[in-house]
DNA sequence: ATAAAGTTTCAGAAAATTTTGAAAGTTCAG
DNA sequence: CTGAACTTTCAAAATTTTCTGAAACTTTAT
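Residue numbers (this note's numbering), protein chains in the order written: chain A, 1 to 168; chain B, 169 to 336.
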């Protein structure tokens, strides 16, 4: 595969992957583009490479910066803003993991906990089944949540992964 | 919290969670409903509980059955089809994990591998940066892929999680 | 065979999400 | 200040995804 083709496919695939995981296509593609760029890119560079509007670039970049996986960079003697990606895959995956767990997993875990601890549920067969399932889900999601924290939220994720690989 | 309220919130939250993770809301809500149901539900039961159309129930249920996390069940003396959820959280999460990894992660892993092994890339600074990033992503995603396999695709996931909890 | 009961399909409607583009806002050199 | 360079905003348009509902199809009891 030639460079041009590989680059195009990589950006395209990263975009598809993103949308399947609830991150929008443009955001994912901009990250992809910045990940492989050897130097900072401006809004105009990104608009041109991905053939998308200024507004779209601006909004997507803002989110990427909010997530902490893209940084603003000012080049001397140039008023334009440039952007670079966090290139350490462990660092940015930690950040994505943190944001997504916080936003998406935690509310569910809290609801499950609250329901699981409710004293008002438990008499009829229907309510018993409900309580039982909620307790199981609660136990499961707390465990997964803990693992996610250890893997993605602590700086030891990489080490942990290596240990798992070594021992299992 | 009272049962009615808890049930409603659970189904609602499960739906939101589903859509954030790329599973559609209705599918997630039907699974939630079946998870806590003490007996099999018919298409009509689901339509009524979730206030959605027959077509929607039919399509969503088909997917859930395809994924292997909901089963058809026929009740004696009744022509209607009934449905029950796989209630073992480990079993259904294995299945969801398998389907999603296969569909969503594997294509990316394969592309990264292919690019990483390509001999045609590597001269200019741009191409070097590209190759370097692809190699890192490849290493990372293969590791995460392996972990996902061990956690979700093998029947030892639960044990593995306990071990991790114990030792780390 | 027929008709009632139940299931599936899918074109179009509705809803949700994403993107555009132009106007408003900001910054800064002169 | 002023205006050129650049960034941000956001209403409306485009696109994508989901849902509906009615017709077609299948199954089964009589």
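Think of the CB as a built atom: it goes at the ideal place given N, C-alpha and C, for glycine as much as any other residue.
Since we're looking at a predicted model, the values are computed, not measured.
9 Å Cβ cutoff, residue i in contact with chain A
i                     : result
residue 182 (chain B) : yes
residue 298 (chain B) : yes
residue 235 (chain B) : no
residue 304 (chain B) : yes
residue 333 (chain B) : yes
residue 313 (chain B) : no
residue 316 (chain B) : no
residue 323 (chain B) : no
residue 188 (chain B) : yes
residue 217 (chain B) : no
residue 178 (chain B) : yes
residue 295 (chain B) : yes
residue 301 (chain B) : yes
residue 289 (chain B) : yes
residue 232 (chain B) : no
residue 221 (chain B) : no
Opening and closing residue of the alpha helix (DSSP H) in which residue i lies
i                     : result
residue 72 (chain A)  : From DSSP, residue 72 (chain A) is part of no alpha helix (DSSP H) but of the beta strand (DSSP E) over 70-74.
residue 129 (chain A) : 125-148
residue 169 (chain B) : Careful: residue 169 (chain B) lies outside any alpha helix (DSSP H) and carries neither H nor E.
residue 212 (chain B) : 211-218
residue 152 (chain A) : Element bounds for residue 152 (chain A): n/a, residue is neither H nor E.
residue 175 (chain A) : For chain A, the structure presents residues 1 to 168; residue 175 (chain A) sits outside this window and is missing.
residue 114 (chain A) : 106-117
residue 98 (chain A)  : 89-100
residue 223 (chain B) : 222-235
Chain B contact for residue i (CB, 9 Å cutoff)
i                     : result
residue 3 (chain A)   : yes
residue 30 (chain A)  : no
residue 38 (chain A)  : yes
residue 140 (chain A) : yes
residue 6 (chain A)   : yes
residue 113 (chain A) : no
residue 42 (chain A)  : no
residue 89 (chain A)  : yes
residue 98 (chain A)  : no
residue 81 (chain A)  : no
residue 104 (chain A) : yes
residue 35 (chain A)  : yes
residue 175 (chain A) : Outside the modelled stretch of chain A, which goes from 1 to 168, sits residue 175 (chain A), for which no answer is possible.
residue 93 (chain A)  : yes
residue 60 (chain A)  : no
Proximity to residue i [Cα-Cα], best of the options
i                     : options                       : result
residue 9 (chain A)   : A:23, A:32, A:142 and A:21    : A:32
residue 260 (chain B) : B:203, B:273 and B:189        : B:203
residue 27 (chain A)  : A:154, A:6, A:142 and A:61    : A:61
residue 86 (chain A)  : A:167, A:120, A:126 and A:69  : A:69
residue 101 (chain A) : A:4, A:150, A:13 and A:164    : A:150
residue 248 (chain B) : B:278, B:223, B:277 and B:213 : B:213
residue 57 (chain A)  : A:77, A:24, A:94 and A:110    : A:24
residue 116 (chain A) : A:135, A:103 and A:129        : A:135
residue 147 (chain A) : B:329, B:190 and B:321        : B:329
residue 74 (chain A)  : A:53, A:43, A:95 and A:118    : A:43
residue 155 (chain A) : A:72, A:94 and A:3            : A:94
residue 264 (chain B) : B:278, B:239, B:235 and B:246 : B:235
residue 110 (chain A) : A:129, A:12, A:139 and A:128  : A:139
residue 13 (chain A)  : B:287, B:240 and B:282        : B:282
residue 171 (chain B) : A:159, A:142, A:119 and A:141 : A:119
N- and C-terminal bounds of the beta strand (DSSP E) containing residue i
i                     : result
residue 251 (chain B) : 249-253
Cβ-based burial, residue i [other Cβ within 10 Å; buried from 16]
i                     : result
residue 6 (chain A)   : buried
residue 157 (chain A) : buried
residue 89 (chain A)  : buried
residue 292 (chain B) : exposed
residue 108 (chain A) : buried
residue 299 (chain B) : buried
residue 186 (chain B) : buried
residue 223 (chain B) : exposed
Check whether residue i and residue j have beta carbons under 9 Å apart
i                     : j                     : result
residue 41 (chain A)  : residue 83 (chain A)  : yes
residue 280 (chain B) : residue 312 (chain B) : no
residue 48 (chain A)  : residue 206 (chain B) : no
residue 197 (chain B) : residue 218 (chain B) : yes
residue 289 (chain B) : residue 166 (chain A) : no
residue 152 (chain A) : residue 76 (chain A)  : no
residue 220 (chain B) : residue 164 (chain A) : no
residue 190 (chain B) : residue 22 (chain A)  : yes
residue 271 (chain B) : residue 133 (chain A) : no
Closer than 8 Å: residue i CB and nearest the ligand MN heavy atom
i                     : result
residue 266 (chain B) : Among the ligands in the structure shown, none appear at all, so the ligand MN cannot be discussed.
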